[in-house]
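> Heads up: the sequence shown begins at 23 in the numbering used here, then just goes up one per residue. Supplied in structure tokens, the structure appears directly below.
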Amino acid sequence: MQVRPRILLIALIALATSVVLGACYGGDSGRVWFNLPSAKVHVADNGTARAFGYNLGAVVDPALVGQLEAAGVNEAEARVGYDGIYVTMNGEELPFVSWDAASA
């Protein structure tokens, strides 16, 4: 019996995804094996985005892009850690969302 290549590919992707996401779960230890790397998403003036060379379509209202440009925002970053989500704009930290074992 021959396994279809497409089914094998889907199974391998699912296995790799579960291993990566499992390694990022810290439980109640307060740490994880590793953090996922950043993914740069470039947003055009019309609100469409591109990541890793792929078009993601319209993700942001063009008016919001204009407001961010008028405010001088060139780069925004969100990092998810074991204890919360950290946001920076132009390298400056903003208030963050935090959680612990009791709130999660």
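For each residue, glycine too, the CB sits at the ideal point set by N, CA and C.
Let me know if V95 comes out buried or exposed under the rule of 16 or more other beta-carbons within 10 Å of its beta-carbon.
V95 is exposed by the Cβ-count criterion.
> Start and end of the beta strand (DSSP E) containing E99?
Taken as a continuous stretch (DSSP letters only), the beta strand (DSSP E) holding E99 covers A98 to G103.
> Less than 8 Å between C-beta atoms, sequence neighbours within five positions excluded: which residues of the same chain meet that for V122?
Inspection of the sequence shows that residue 122 is occupied by Asp rather than by Val. Result list for D122: D105, in chain order.
> Among the residues of its own chain, which have a CB less than 8 Å from the CB of L78, if the five just before and after it don't count?
So the qualifying residues of the chain are V63, T70, A71 and R72.
> Please state whether DSSP places A38 in a helix, a strand or coil.
Note: A38 maps to helix in three-state DSSP.
> Smallest Cα separation from E99: which of P59, A93, L30 and S40?
Answer by Cα proximity: P59.
> Run through the DSSP bridge pairs and tell me what I107 is partnered with.
I107 pairs with V102 and V119.
> Could you tell me the boundaries of the alpha helix (DSSP H) in which G88 lies?
Element bounds for G88: P84 to A92.
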